[in-house]
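Read the structure below first, then the notes.
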Amino acid sequence: MSEKSNMNKSPVIKCESVYKIFGNNAEKLLKESNGIVDSKSFHTAGCIVGVNNASFEVHKGEMLVVMGLSGSGKSTLLRCISRLSESTAGKIYIDGEDLNAMNGKELIELRRNKMGMVFQNFALLPHKTVLENIAFPLQVKGITPDQCITKAMEMVDLVGLKGRENYFPRELSGGQQQRVGIARSLAVEPDIWFLDEPFSALDPLIRKEMQDEFLRLQGVLNKTIMFVTHDFDEALRLADRIAIMKDGIIEQLDTPDNIVLNPATEYVKKFTQDVPREKVIKIESIMDPIDPTITNKLKISKNDLIEKIAETILSSKEPLNVIDPKDDKIVGSLNSSKVIKVLFGS
Amino acid sequence: MLSKFKNSRPQQFLLLFFIFLISYFIVPESEGNYLWRLPSLFKDFPLWINNLIYSALYDWFPLKVWDPVFEMYEKKAAIREFTRAISSGVLFLITFIREIFLGGAQTIGTFVSSSWLNSNKWFIWPALPWTAVVAGGMLLGYHLQGVRLALLAGIGACYLSLFGQWEPSMQTLSFVLITAPICFIFGLSLGVWGYLNKKVESALQPILNVAQTMPHFSFLVPVMILFGIGDHAGAIATIIFATPPMVRLTILGLKKISPEVVESGLMSGCNKFQLLFKVLIPTARTDILIGVNQVIMQCLAMTVIASFIGAKGLGFNLKLALNSLKIGKAAEIGICIVIIAIVLDKFSLAWANKQKNYFANLNFCQKNKNLIIFSILLIVCSIFAYIGGLYFNNINYLYLVPYEKGFSISPLLDAGVDWIWETFFYYLNSFNIFLITNILVPMKMAYLGMPVVSTFILVMGAGFIVGGIRSSLIVGSLFLFIALSEYWDRALITMYMATFAVIIATFIGLIVGLSCAQNSKSTAFMLFICDFFQTFPSFVYLIPVILLFGITDTSVLLAAIVYATIPATRYTIEGLKSVPLSLHEAGSMSGVSRIQRLIAIEIPLAFPHIMLGINQTLIFSLFMIVLGALIGTEDLGQIIMGALSRKDGAGVALTLGIFVSFICLAVDHLIRTWSDRQKKLLGIDS
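Right under this line is the structure:
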């Protein structure tokens, strides 16, 4: 997990009270309702609520995972932010600029330079080879064919598809096709990276592999990411922060640790109660204040997952110091009863 | 009891039939009785259309046009100038391509004044020697696909030349080379427009439906009036007829594109044009290519019909041969048409599947190697032709084998024909007489004896049972339009012939399809046969039947049956193939025998799809029946033929074409509605 960036820098993506309602008189109904949208009453009026008053920020280098079940509005939200759909109300700012106020040309420029998107069913152009697919956004920008090919070859190396440049999508497996999708989305070196359930169409073992790949890529590239998934475990594994959505409303937006430790609603609790906490929570989130009386020389890193130090801490009768691995300074303490309470308590 | 009746379709149909029979026998035959025949309220409709066309040509929007002969401004209708301009444009294009192959001075003549040309008579563009064209064709075939295509092109072209059909073949080829791309561009543009704009699409659907079900002949007279006679008129009629399938398939292909692909195009930063040309159209490629294929086949199928308004080429010669009953000759020419069809079909498919190689860094020689080889071959062949000119006295065989001077298998074919005629005459004749007396004539009388109210009870009742009030009204109004004209009786005759043909064709198609669908090899073989026969222009089917049965209803019906069996077979096979494998397996596991599985599982599930085939079977039979009017049957087709020489010809032709189209549309509607319902009930995705 990458470091959280400074909060005082302006956010890359900022949403203020975004609504997306489907239906003929959506705007009218929304105005009349004055911001209080009840999906049932809207449904009887013939409208479907996709996104209901979403407000949040995504900072540079941060990965925000939007998680929810089918129909929760997560894909709709993503499409509003990439402006593949027009939001019914609210403001969306990309790098400080109002997204919905952009005209066609500005939007195209934005997409050509700053945005990249990966799709659930890969969305590769069937008549083009791997190389041509990856080079497509560059070609659309007007870059010369030679430069396109060079850059596309770099991307092929990056995602590990060397040797398959001249294959067609139908000749590749699902995982390989998605790698092409990833390479294509990165070809223009975008600052913002959208991923819409990119691994949902792959089988479980490949999915895990791809998640590892993805983490590796993010470690190298450090992009600002919005990632949509319905898999809570995937969200926990990948995210800096998770936004859990239900019926268009963001139920909770927080770090994985905090969501597991302090679920905000009953709905969130349903997801968190079966999560193996030792695999998710970091020491940092559960440590107690510095205890000067500790004499034991054993040290625990604050960035470790509980499971890594579980044996150490649970077999120690006394509390241990928690340090920050960057400068070896003591930042807190932890004892076994706290760990037991977190792991097995209600 | 009532609810049981409501749910049982067969019982409803039985009741309908019962009511129909009662009305049939009750209503007496009498001219004044409206229950027998409706008054001809629409009698003047053809005349009205005619007047419309004429006033459009001569009265509307007059423009001032400079007439160089009289040296003054004349008033000419804008529409007429417009059609004139189109005619000249199309004619120029066709002549241009034609002259590349066959030589001539007309293209040059449009650019240079005629007086200069007269004094410099040597300045004629020479024809390409046929050897050079064969070589070029083989080269192109090799470049597109490989040795097999090259051989096909080579052998085909050699046949055309050696059998003395070179000139007409090149005329037909140049015709198709102009009409097919124009249809492609029109069809693609309209299809894209319809895809992007819902309103345009809904407006297009009925127009396409009518255009595709109207017989070819109907377009001829109006086109003749608006555009004159000649190659350009034939081309324009062909374009009108061949564009609808392209539009349909373009829209179908574009609609099939997954929304994600469109989104990925948008997110890659495409503007509208890039999205259309780089994402949408290439992704819809398969269906668009089927459209191209269809366009080429239609253009060729129209060669004979286009010759009626002056298009030169193989079609013209075929018509002549048939009219003078030279069957052997006609068969030979038919083979030429089929060869061109197959070669163009394979070429277009190969061109579509060609891949590009980005990494080959080729120098100039290699990149243009085909062009260089072709130029060399051209020079070589020209040298041969020149030598041939010195060697042969009258006819330079290495340059151009003139018409009718090549080999010919027509004496053979004619001899064969005569032998068949002599040996089987007695059997054929008695079969013919038997069929006419015992089956066809009674059927015809039965149909003609139908009071109009009975017909309406039958069709509207069927519509009601199948699709409710809406269907019954649609079908009723389509038939009403016909019933209110003067041509109801003729329409009845057409319908009796169509019914007969459809029943037999479906029956044969079912049997053949069922037996072939048993294993995959025979399935593939049968589908190949269907494809092969479908490249034949419809006219070709008339040749053998006229030979055997003379000019009677029988020949036309037999030709219609053969022609219509193709879609019946194809749809049966496809329907049976589309039954999900899991159902077959479920049946086997329950322990059914092969026959039981066929009857209980496969046929019921395949039936909706097979019924769609009946729709196509009907259209095919109607086309052939109308075509058969060329040889003198008494139905609608014959009047359309006669319309070519009548005063209100244009109106009559269009009106009757619309009638045939309406019959097709009515039956199509009934079948489609029923088929969709059945599919939903059975849970099959269409």
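Protein chains in written order, with my numbering: chain A, 1 to 346; chain B, 347 to 1032.
Virtual Cβ for every residue (Gly too), placed ideally from N, Cα, C.
If only complete runs of 4 or more residues are kept, the stretch 839-885 of chain B shows the alpha helix (DSSP H) at 866-880, in order along the chain. Under the three-pair Cβ rule at 8 Å, the stretch 1021-1030 of chain B does not count as touching the stretch 570-585 of chain B. Excluding sequence positions up to five before and after Leu236/A, its CB lies within less than 6 Å of the CB of Pro256, Val280, all in the same chain and listed in chain order.
Note: Asn321/A is bridge-paired with Lys299/A, Ser333/A in the DSSP secondary-structure output. The contact set of Gln620/B on chain A, defined by CB atoms closer than 8 Å, consists of Val140 in chain order.
The C-beta of Glu251/A has 16 or more other C-beta atoms within 10 Å across all chains shown, which makes the residue buried.
Annotated three-state conformation of Lys270/A is helix, per DSSP. The alpha helix (DSSP H) runs lying completely inside the stretch 209-287 of chain A and spanning 4 residues or more are 232-238, 256-261, 266-272, 283-286, given in chain order. A Cβ-Cβ contact shorter than 8 Å links Ser831/B with Phe391/B. Against chain B, a Cβ distance below 9 Å from Leu125/A picks out Val607, Ser610, Gly611, Lys624, Val625, Pro628, Thr629.
Apart from sequence neighbours up to five positions away, no residue of its chain approaches Thr801/B with a beta-carbon distance below 6 Å.
Residues of the stretch 106-119 of chain A with a C-beta atom less than 7 Å from some C-beta of chain B are Ile108, Arg111, Arg112, Met115, Met117, Phe119, listed in chain order.
Ser901/B: member of the alpha helix (DSSP H) spanning 899-923, first to last residue. When the five nearest sequence neighbours on each side are left out, the beta carbons in the same chain lying within less than 6 Å of the beta carbon of Ala243/A are those of Val66, Ile250, Leu253, in order along the chain.
Annotated three-state conformation of Glu109/A is helix, per DSSP. CA-to-CA, the gap between Phe777/B and Ile907/B works out to about 16 Å. The stretch 838-853 of chain B and the stretch 624-636 of chain B do not touch, with fewer than three beta-carbon pairs separated by less than 8 Å. For the stretch 215-240 of chain A, the beta-carbon criterion of a distance under 9 Å to any beta-carbon of chain B is satisfied by none of its residues. For Ile192/A, the closest of Met117/A, Asn103/A, Gly160/A by C-alpha to C-alpha distance is Met117/A. The contact set of Asn617/B on chain A, defined by CB atoms closer than 9 Å, consists of Gly104, Lys105, Ile108, Val140 in chain order.
By the C-beta criterion, the stretch 580-589 of chain B is judged to be in contact with the stretch 510-530 of chain B, since at least 3 inter-stretch pairs fall below 8 Å. No Cβ of chain B is located within less than 8 Å of the beta carbon of Pro198/A. Excluding five sequence positions before and after Ile395/B, the CB atoms of its chain that fall closer than 6 Å to its own CB belong to Gly997, Leu1000, given in chain order.
From the listed residues Leu497/B, Val373/B, Thr584/B, the smallest Cα separation to Cys529/B is found for Thr584/B.
Residue environment for Asp274/A: exposed (fewer than 16 other C-beta atoms within 10 angstroms of its C-beta).
Residues of the stretch 78-107 of chain A with a C-beta less than 7 Å from any C-beta of chain B: Ser82, Leu84, listed in chain order.
Taking a 10 Å sphere around the C-beta of Trp476/B, we find 16 or more other C-beta atoms and assign the residue as buried. DSSP places Leu64/A inside the beta strand (DSSP E), whose first and last residues are 63-67. Taking the CA atoms as reference points, Met613/B sits about 16 Å from Gln178/A. When 7 Å is used as the limit between beta carbons, Asn24/A is near no residue of chain B, the shortest such separation being about 15 Å. When the alpha-carbon of Ile108/A is set against those of Leu542/B, Lys618/B, Leu904/B, Cys645/B, the nearest one is in Lys618/B. Chain order gives no chain B residues near Asn34/A, where near means a beta carbon separation below 7 Å; the closest approach is about 33 Å.
Nearest in C-alpha terms to Met153/A, of all of Pro145/A, Leu84/A, Leu131/A, is Leu131/A. Contact between the stretch 280-294 of chain A and the stretch 56-71 of chain A is absent: fewer than three C-beta pairs spanning the two stretches fall below 8 Å. For Pro890/B and Thr869/B, the gap between their C-alpha atoms comes out near 27 Å. DSSP places Gly50/A outside any alpha helix (DSSP H); the residue lies instead in the beta strand (DSSP E), whose first and last residues are 48-58.
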